[in-house]
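Colleague: Here it is: the structure, laid out below.
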Amino acid sequence: MLAGRTPVLVHNSNCGPGISTRYEKAGDIGKYKDGQKTRDPASQWYHEELSDEELLDGINNPGEGDGILVSRDGTILGGHHRKDELRTRVGDGRIDPDTPIRIDVYGE
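So for the sequence shown, the working numbering puts the first residue at 115; every next one is plus one.
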């Protein structure tokens, strides 16, 4: 890309793997491997206090960098607390396992 007459590298301009988005069933979230073993208790508490609609909105309409991000091999790279809370709610029946959820995949 040119800035005037000077060539410049533009971040995310087809220079490496990108992020693709797909939709899956909430009940399938357990197939992904945790990439992080520890959790911030305050952040976990925050997600526990969200309504089902707020949790799903945060998953399906995330701000930049706030969604559930997985690697091509199925390791969770981001959104660990959302994933944990979603699994809990699917498990106890508060969220239907067939509910569509957004998954961002790094490297596709």
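Beta carbons are placed, not taken as given, at the ideal position from N, Cα and C, and that holds for glycine.
Just the C-alpha distance for H194 and S134, rounded to the nearest angstrom, thanks.
Modeller: On the sequence shown, residue 194 is found 80 positions in, with the first residue counted as 1. On the sequence shown, residue 134 is found 20 positions in, with the first residue counted as 1. H194 and S134: Cα-Cα distance of roughly 18 Å.
Colleague: Quickly, what does DSSP pair R136 with across the bridge? List them, please.
Modeller: Locating residue 136 in the sequence shown gives position 22, counting from the first residue. Answer is I217.
Colleague: Quick one: measure Cβ to Cβ for P211 and G141, integer angstroms, because I've assumed they're closer than 8 Å.
Modeller: Numbered from 1 along the sequence shown, position 97 holds the residue referred to as residue 211. Numbered from 1 along the sequence shown, position 27 holds the residue referred to as residue 141. Indeed, because the Cβ distance is near 3 Å, the residues count as touching under 8 Å.
Colleague: Have a look at the DSSP bridge pairing and note the partners of G192.
Modeller: Against the sequence shown, residue 192 aligns to sequence position 78. Its beta-bridge partners are L183.
Colleague: Could you give the distance in angstroms between the alpha-carbon of W159 and the alpha-carbon of L200?
Modeller: Counting from 1 along the sequence shown, the entry for residue 159 is found at position 45. Counting from 1 along the sequence shown, the entry for residue 200 is found at position 86. If you take the alpha carbons of W159 and L200, they lie about 13 Å apart.
Colleague: Going by alpha carbons, who is nearest to T189 out of K139, R136, G144 and Y137?
Modeller: Position 75 of the sequence shown, counting from 1, holds the residue named residue 189. Here the closest residue by C-alpha is G144.
Colleague: Using a 10 Å radius around the Cβ and a threshold of 16 neighbouring Cβ atoms, would you call K197 buried or exposed?
Modeller: Taking the first residue of the sequence shown as position 1, residue 197 is located at position 83. By the neighbour-count rule (16 or more Cβ atoms within 10 Å), K197 is buried.
Colleague: Can you give the Cα-Cα distance for G205 and G132, rounded to whole angstroms?
Modeller: Translated into the one-based positions of the sequence shown, residue 205 becomes position 91. Translated into the one-based positions of the sequence shown, residue 132 becomes position 18. Going by the C-alpha atoms only, they are around 32 Å apart.
Colleague: State the DSSP-derived secondary structure class of K197, mapped to helix, strand or coil.
Modeller: Here residue 197 refers to the residue found at position 83 of the sequence shown. Three-state result, K197: helix.
Colleague: For R136, does the count of other Cβ atoms within 10 angstroms reach 16, so buried, or fall short, so exposed?
Modeller: As a working note, residue 136 is residue 22 in the sequence shown. Burial call: exposed.
Colleague: For G221 and R186, which I take to be in contact (beta-carbon distance under 8 Å), what is that distance rounded to the nearest angstrom?
Modeller: As a working note, residue 221 is residue 107 in the sequence shown. As a working note, residue 186 is residue 72 in the sequence shown. The Cβ separation is near 5 Å, so the contact holds.
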